[in-house]
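If you read the sequences in order, they're chains E and R. Position 103 of the first sequence, counting from 1, maps to 103 under our numbering, and the rest follow consecutively. With positions in the second sequence counted from 1, the corresponding number in our numbering is that position plus 1000. Only one structure is covered here, and it is reproduced in the block below.
2 protein chains.
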Amino acid sequence: MTGTREKILDAAERLFGKHGVAATSLRRVTSEAGVNLAAIHYHFGSKQDLLDQVILRKAGPMNERRLKLLEEFEAETAPVPVSVEKIVVAFVLPMLLMDKTPDFSRFLGRVHAEGLIPEIAQRNFQPMFDRFLEALHRALPEMSTGELAWKIHFAIGALAHSLTSRPHLAGGNEPDSPLAIATRLVAFLSNGFRAPVTLEREIEVNP
Amino acid sequence: MTGTREKILDAAERLFGKHGVAATSLRRVTSEAGVNLAAIHYHFGSKQDLLDQVILRKAGPMNERRLKLLEEFEAETAPVPVSVEKIVVAFVLPMLLMDKTPDFSRFLGRVHAEGLIPEIAQRNFQPMFDRFLEALHRALPEMSTGELAWKIHFAIGALAHSLTSRPHLAGGNEPDSPLAIATRLVAFLSNGFRAPVTLEREIEVNP
DNA sequence: GTCTATAGGGGGATAGAC
DNA sequence: GTCTATCCCCCTATAGAC
Chain E
1 MTGTREKILD
11 AAERLFGKHG
21 VAATSLRRVT
31 SEAGVNLAAI
41 HYHFGSKQDL
51 LDQVILRKAG
61 PMNERRLKLL
71 EEFEAETAPV
81 PVSVEKIVVA
91 FVLPMLLMDK
101 TPDFSRFLGR
111 VHAEGLIPEI
121 AQRNFQPMFD
131 RFLEALHRAL
141 PEMSTGELAW
151 KIHFAIGALA
161 HSLTSRPHLA
171 GGNEPDSPLA
181 IATRLVAFLS
191 NGFRAPVTLE
201 REIEVNP
Chain R
1001 MTGTREKILD
1011 AAERLFGKHG
1021 VAATSLRRVT
1031 SEAGVNLAAI
1041 HYHFGSKQDL
1051 LDQVILRKAG
1061 PMNERRLKLL
1071 EEFEAETAPV
1081 PVSVEKIVVA
1091 FVLPMLLMDK
1101 TPDFSRFLGR
1111 VHAEGLIPEI
1121 AQRNFQPMFD
1131 RFLEALHRAL
1141 PEMSTGELAW
1151 KIHFAIGALA
1161 HSLTSRPHLA
1171 GGNEPDSPLA
1181 IATRLVAFLS
1191 NGFRAPVTLE
1201 REIEVNP
């Protein structure tokens, strides 16, 4: 028997992820959760505070799993730096395989895509980001942290997008398990991270 | 002297891109455009129709530039297939360098991220997607179209995210011109597309 | 084509009984 | 802790004068 607070968090996570935060009303959340509208303000105070709590409830554990995976990989290969692939796996997998349902993953993808990561969550993610940046810099010492930061940015975009939707193109109709998607994504991103940046010779084109 | 209709489209493009579609009211649009609230309904009918028109106004020309670039590259190298890099350049550059301002690009990134691409735009993008899928398949014949469709999906996510925000991480504070971003992105994505997918040996991990 | 005025609904938030 | 009732604002959309 889960409490009211938990039911609200579950419903908010699901609806925010499915329709977006701005497009989801608190009335829909409480209706979906089967609780009274006022409960949301009693337990959280405001929509913004609810959003923060939905993030914080699972982001902490997720980031801990990321860091734990990374440290395990590092322990295995020390003193040799961990491979790019493994760093990407440690970053991507806990997000894609969180829980049995994809609710939280999709929710976080949405929040990222809508650019709403509040400062609260920012503070929660920053140490983890820094840690992965450092690991990447060890695996790819020839790249500046500025370049690597951009690549992480690209990777987050690809990850977030793959969490909220799937290709609406022609092609196979296989269901594509989360693990299969993760495998494709890891291969794609790892190779991306390894790409040399040739900034001195920029793209030449006449637009 | 631009007309009312044009002023509304410009303002909507800017605000939708900056704050998101759901979070932007028509009142803000008309206020920003310096026109009357009713004008928006006179010229477009509804918010959804306005959204469609904002997309359609520039998506057509943009996709034509994509296809034109691709065809030029193909003409240069025929009968050898075009390189992955050039295909990615043809796909990414017209989006990143559209207009002098990044308004439309950011808008499209948002719309993609919010998952709102309406069927109207879907029909507008589909032929272009198919054409690029085909070109990629020629450049990378060992990959199935299903795999390539997923990779395009990842690429769109990275592209959209890089259009709506930039890394909030430590590191350099250089302004990062659109062309510099494009160069990094092309390098990242091209290498990603070339990544072999080893689906038979999936990631092994105990979550 | 452009305005004012307003309908009509849904939104977040709160007060106060229980 | 949970409910009802309600405030008050902002929203989209429309009617109708000019």
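Glycine is no exception: its CB is placed at the ideal position from the N, C-alpha and C atoms. Predicted, not measured: the structure shown is a model, and the values here were computed from it.
A direct Cα-to-Cα measurement between R:T1101 and R:G1034 gives close to 20 Å. Going by beta carbons, E:M143 and E:M95 fall outside the 8 Å limit. For E:K7, the secondary structure class from DSSP, reduced to helix, strand or coil, is helix. If you check the CB distance, R:A1149 and E:A158 do not come in under 8 Å. Judged by DSSP secondary structure, R:A1090 falls within the alpha helix (DSSP H) whose first and last residues are V1084 to L1096. Taking a beta-carbon distance threshold of 8 Å, R:L1051 does not count as an interface residue toward chain E.
Rounded to whole angstroms, the gap between the alpha carbons of E:R138 and E:M98 is 27 Å. Taken through DSSP and simplified to helix, strand or coil, E:N36 comes out as coil. Taking a 10 Å sphere around the C-beta of R:S1025, we find fewer than 16 other C-beta atoms and assign the residue as exposed. Apart from sequence neighbours up to five positions away, the residues of its chain that approach E:E74 with a beta-carbon distance below 7 Å are V82, ordered along the chain.
Fewer than three beta-carbon pairs drawn from the region 186-198 of chain E and the region 104-119 of chain E are found closer than 8 Å, and the two stretches are therefore not classed as touching.
Of the residues assessed, E:R110 falls on the buried side of the cut-off, its CB having 16 or more other CB atoms within 10 angstroms. Judged by beta-carbon spacing, R:A1022 lies beyond the 8 Å limit of R:V1054, meaning their Cβ atoms are not closer than that value. Close to R:T1164, with beta-carbon spacing below 7 Å, are these residues of chain E in chain order: G115.
Between the region 1113-1122 of chain R and the region 1039-1055 of chain R, the count of C-beta pairs closer than 8 Å reaches three or more; the two stretches touch.
Sequence-ordered contacts of the region 1143-1156 of chain R with chain E read S1144, T1145, G1146, E1147, L1148, A1149, W1150, K1151, I1152, H1153, F1154, A1155 and I1156 [C-beta pairs closer than 9 Å]. Close to E:L185, with beta-carbon spacing below 7 Å, are these residues of chain R in chain order: F1154. With contacts defined by Cβ atoms closer than 8 Å, R:A1182 and R:L1069 do not form a contacting pair. Secondary structure within the region 132-204 of chain E: the alpha helix (DSSP H) runs of 4 or more consecutive residues, fully enclosed, are 145-164 and 178-194 (chain order).
Between E:T198 and chain R, the shortest Cβ-Cβ separation is below 8 Å. In chain order, A1022 and E1114 make up the part of chain R whose C-beta sits under 7 Å from the C-beta of E:G20. When the five nearest sequence neighbours on each side are left out, the beta carbons in the same chain lying within less than 8 Å of the beta carbon of R:E1032 are those of A1011, R1014 and L1015, in order along the chain.
Taking 8 Å as the cut-off, the Cβ atoms of E:E114 and R:A1113 count as close.
For E:H161, the chain R residues whose C-beta falls within less than 8 Å of its own C-beta are H1112, A1113, H1153, F1154, I1156, G1157, A1158, A1160 and H1161, listed in chain order. Between the alpha carbons of E:T164 and E:V29 lies a gap of roughly 19 Å. In the structure shown, R:T1030 adopts helical secondary structure according to DSSP, grouped into three states. DSSP places E:E13 in the helix class (H, G or I) of the three-state scheme. Taking a contact as a CB-CB distance under 8 Å, the pair R:E1147 and E:R184 counts as one, their CB atoms being some 7 Å apart. Taking a C-beta distance under 8 Å as the contact criterion, R:H1161 and E:S162 do not qualify as a contact pair. For E:F188, the neighbours in chain R by C-beta distance under 7 Å run, in chain order, K1151, F1154, G1192 and A1195. Closer than 8 Å to the CB of E:P167 there is at least one CB belonging to chain R.
For the options E:A38, E:L179, E:L140 and E:P167, the alpha carbon positioned closest to that of E:P196 is the one of E:L140.
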